[in-house]
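With positions in the sequence shown counted from 1, the corresponding number in my numbering is that position plus 263. Where is the CB? At the ideal position from N, CA and C, for every residue including glycine. Keep in mind the model is a prediction, meaning the values are calculated, not measured. To start, the structure under review is shown below, and the notes come after it.
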Amino acid sequence: MRAAFIGGLACLVVAGCNRPAPPVASVPADPAPGFWIWHRGSPLDEAEQRAIHGSRAYRQIAEFGWRDGKWSPRVVTKADILLENEIPVVRIDPGPAFLERPDAAEMLTKWLRHHFGDKVPSTLQLDHDCPVRLIPRYAAFLRELRAGLALEEISITALAGWIDSPAFKQLGEASDEMVPMFYDLTADAPQDIVAGKAKPMAGPEAKSWIGRWKACRTPWRAGLANFERLTLFQPDGKLVGHLKQWEPESIARADFLDTIPGYSGGAGYRVSRQATLRGTRLEASQILVWRAPDEGSLRELITASYDSGARGVVWFALPGPGLRAAHSASHLDALGRGESPAHGVRITLESDGRIVLRNEGPGDLSLVSGGAPHRLTLTTDEAGTFAAAGPGGFTELTTSVPAKFSQKMVLSFPRLLVGEEIASESGLIPERGGRDLQWSLDDSPNAPLP
264 MRAAFIGGLA CLVVAGCNRP APPVASVPAD PAPGFWIWHR GSPLDEAEQR AIHGSRAYRQ
324 IAEFGWRDGK WSPRVVTKAD ILLENEIPVV RIDPGPAFLE RPDAAEMLTK WLRHHFGDKV
384 PSTLQLDHDC PVRLIPRYAA FLRELRAGLA LEEISITALA GWIDSPAFKQ LGEASDEMVP
444 MFYDLTADAP QDIVAGKAKP MAGPEAKSWI GRWKACRTPW RAGLANFERL TLFQPDGKLV
504 GHLKQWEPES IARADFLDTI PGYSGGAGYR VSRQATLRGT RLEASQILVW RAPDEGSLRE
564 LITASYDSGA RGVVWFALPG PGLRAAHSAS HLDALGRGES PAHGVRITLE SDGRIVLRNE
624 GPGDLSLVSG GAPHRLTLTT DEAGTFAAAG PGGFTELTTS VPAKFSQKMV LSFPRLLVGE
684 EIASESGLIP ERGGRDLQWS LDDSPNAPLP
């Protein structure tokens with residue numbers, strides 16, 4: 264799921280500015296956050312289902328390429344695990360060749376009927392980055408697909424710049440809902456990366472495009488970013504790619520990364536020597552940029568979306584396996600209400616000597632891009648309170664002296680989203696007795712351990 268500018272957009276913007284703005288579609292606003300569920304074949308567990316109860320969920324079921332005059336599908340999600348509130352999404356590769364075949368919609372219809380066992384859902388979403396010049400043909404494709412599947416509603420993702428296309432009206436008339444993606448709007452300019460200025464995940468550019476969608480007659484929801492990204496650039500600022508399966512603690516521990524002071528749009532790092540980070544080979548002088556959407560900008564984009572006539576907001580993506588999402592569903596729900604939710608981290612000492620941290624909400628304990636890991640500090644007046652044990656789910660456990668002689672122990676971790684918990688290994692505090700134990704989180708005052 265990504266958005267990108269299409270060639271020739273500048274002239275379309277000029278043409279669009281001279282047209283009178285049609286009225287905003289009059290549909291009731293939906294305050295519940297929506298979510299895309301992407302690259303995931305497993306069903307949602309009970310906690311995840313509770314987190315998005317009442318939300319509109321768009322679940323990717325397949326990706327389609329076009330090869331040798333026919334569809335080349337890759338199934339992502341089986342039809343039988345979809346929940347009632349999950350709308351199936353079909354991702355179509357950006358290549359436009361299928362639009363030149365008059366039977367492409369019919370061929371896709373047959374595949375979908377087979378996939379769903381002739382129990383085709385009433386609503387379907389298509390995700391396709393169609394070239395602007397082919398929007399009229401894409402609109403015809405949507406009408407053909409809708410008729411072939413007898414859909415009650417067809418939803419489509421959209422590139423932000425489509426709003427200024429002269430053919431946009433045709434696309435709106437062929438769909439019941441549009442979800443423009445207000446992220447990845449323009450690529451980072453190499454000279455900006457070298458100068459220490461990366462494009463933020465959410466910011467003024469997205470807000471400006473959201474304002475343009477006030478002219479959309481078709482009901483629409485704003486697609487906003489809920490993901491973090493670590494991007495590698497060459498020393499001259501040219502893009503190499505985005506790293507997968509990375510963790511903030513890997514960056515914190517890396518002795519081959521030097522922080523670039525004053526970097527905007529994210530945290531910047533210079534690679535000091537040849538190394539490997541989570542399977543990606545790094546060369547000296549390359550640049551890494553860690554980005555995540557900041558809360559203030561997200562609240563502004565949410566407000567701008569509703570002010571521009573959006574029916575609701577859809578976040579990419581729902582936190583889940585293999586996705587480094589920035590916030591939990593609960594946290595995003597609170598942001599949608601204009602709140603700045605505080606975390607609800609609680610600590611318990613289990614009978615087996617484990618220390619457990621759990622975030623009971625309503626807000627996430629997040630980590631700012633480039634920030635140091637969070638610290639759980641345990642203190643006591645008596646040596647012998649702690650025993651040698653591993654950090655368990657924490658990133659690291661540190662003491663200034665061996666554990667059995669220590670009166671202070673620090674457990675570090677990157678974040679704790681609403682509903683998450685982490686625990687040390689058993690035996691960290693083998694026998695409490697009458698010992699006075701205190702705990703603190705980051706720079707908070709000490710408090711008695713319950």
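Please check the pair residue i and residue j, which I expect to be a contact at CB under 8 Å, by giving their CB distance rounded to whole angstroms.
i, j, result
"Phe649", "Ile692", "6 Å"
"Lys477", "Gly572", "5 Å"
"Gly297", "Arg484", "6 Å"
"Leu414", "Ser385", "7 Å"
"Ile426", "Leu564", "About 16 Å separates the two Cβ atoms, so there is no contact after all."
"Gln670", "Asp644", "7 Å"
"Phe327", "Val352", "Not a contact, Cβ separation roughly 11 Å."
"Thr372", "Leu412", "6 Å"
"Gly583", "Pro604", "Wrong, their Cβ atoms sit about 20 Å apart, outside the cutoff."
"Leu493", "Gln549", "The Cβ separation is near 12 Å, so there is no contact."
"Arg541", "Ala292", "The pair is not a contact, with the Cβ atoms about 41 Å apart (cut-off 8 Å)."
"Leu362", "Tyr401", "6 Å"
"Glu491", "Ala589", "5 Å"
"Val552", "Gly529", "5 Å"
"Ser560", "Gly466", "5 Å"
Going by C-alpha to C-alpha distance, which of the options sits closest to residue i?
i, options, result
"Gly601", "Trp578, Arg638, Arg562", "Arg562"
"Gly505", "Trp476, Arg544, Lys477, Glu688", "It is worth fixing the name first, because residue 505 is His in this sequence and not Gly. Among Trp476, Arg544, Lys477, Glu688, the Cα nearest to that of His505 belongs to Arg544."
"Phe379", "Ser560, Val534, Ile350, Pro665", "Ile350"
"Asp521", "Arg396, Gly633, Arg337, His377", "Gly633"
"Gly655", "Ser669, Val673, Ala530", "Val673"
"Leu345", "Arg337, Glu407, Leu307, Glu416", "Leu307"
"Leu595", "Phe579, Pro584, Leu586", "Phe579"
"Gly653", "Thr643, Leu630, Ile685, Trp702", "Ile685"
"Ile315", "Pro291, Gly690, Thr658, Ala597", "Ala597"
"Pro443", "Ala469, Leu612, Leu412", "Ala469"
"Asp557", "Asp331, Gln323, Leu487, Ala547", "Leu487"
"Arg638", "Ala651, Ala646, Thr658, Ser591", "Thr658"
"Pro453", "His606, Ser428, Lys462, Phe445", "Lys462"
"Ser471", "Asp366, Arg574, Lys341, Ser568", "Ser568"
"Ser527", "Leu712, Asp451, Ala410", "Asp451"
"Leu660", "Leu641, Ala646, Phe361, Phe668", "Leu641"
"Phe668", "Gly647, Lys382, Ala651", "Gly647"
"Tyr532", "Arg698, Phe519, Arg541, Thr539", "Phe519"
"Val576", "Tyr446, Asp381, Pro467, Leu362", "Tyr446"
"Ala325", "Thr449, Gly317, Trp334, Pro294", "Trp334"
"Glu311", "Ser687, Ala465, Leu581, Ala635", "Leu581"
Can you tell me whether residue i is helix, strand or coil according to DSSP?
i, result
"Phe649", "coil"
"Gln433", "helix"
"Met370", "helix"
"His637", "strand"
"His505", "strand"
"Glu512", "helix"
"Phe668", "helix"
"Ser703", "strand"
"Ala413", "coil"
"Phe496", "strand"
"Ala488", "strand"
"Gly424", "helix"
"Gly696", "coil"
"Val383", "coil"
"Ile315", "coil"
"Ser335", "strand"
"Thr566", "helix"
"Glu363", "helix"
"Val673", "strand"
"Glu309", "helix"
"Val631", "coil"
Return the bridge partner residues of residue i from the DSSP annotation.
i, result
"Arg533", "Asp521, Ile550"
"Pro297", "For the sequence presented, residue 297 should be read as Gly rather than Pro. Answer by DSSP bridge pairing, in chain order: Val577."
"Gln388", "Val352, Ser418"
"Gly626", "His606"
"Arg678", "None; Arg678 has no bridge partner."
"Pro711", "Gln701"
"Thr340", "DSSP lists no partner for Thr340."
"Glu440", "Ser418"
"Tyr321", "Trp299, Ile350"
"Ser527", "Lys460"
"Phe327", "Pro336, Ile355"
"Ala538", "Leu545"
"Arg621", "Arg609, Glu684"
"Thr642", "Lys671, Gln701"
Segment contact flag, the region 613-623 with the region 672-687, C-beta cutoff 8 Å, min 3 pairs: Because the criterion of three Cβ pairs below 8 Å is met, the region 613-623 and the region 672-687 touch.
Segment contact flag, the region 456-468 with the region 390-405, C-beta cutoff 8 Å, min 3 pairs: Not touching, per the Cβ criterion.
Three CB pairs or more closer than 8 Å across the region 430-444 and the region 493-503: Because the criterion of three Cβ pairs below 8 Å is not met, the region 430-444 and the region 493-503 do not touch.
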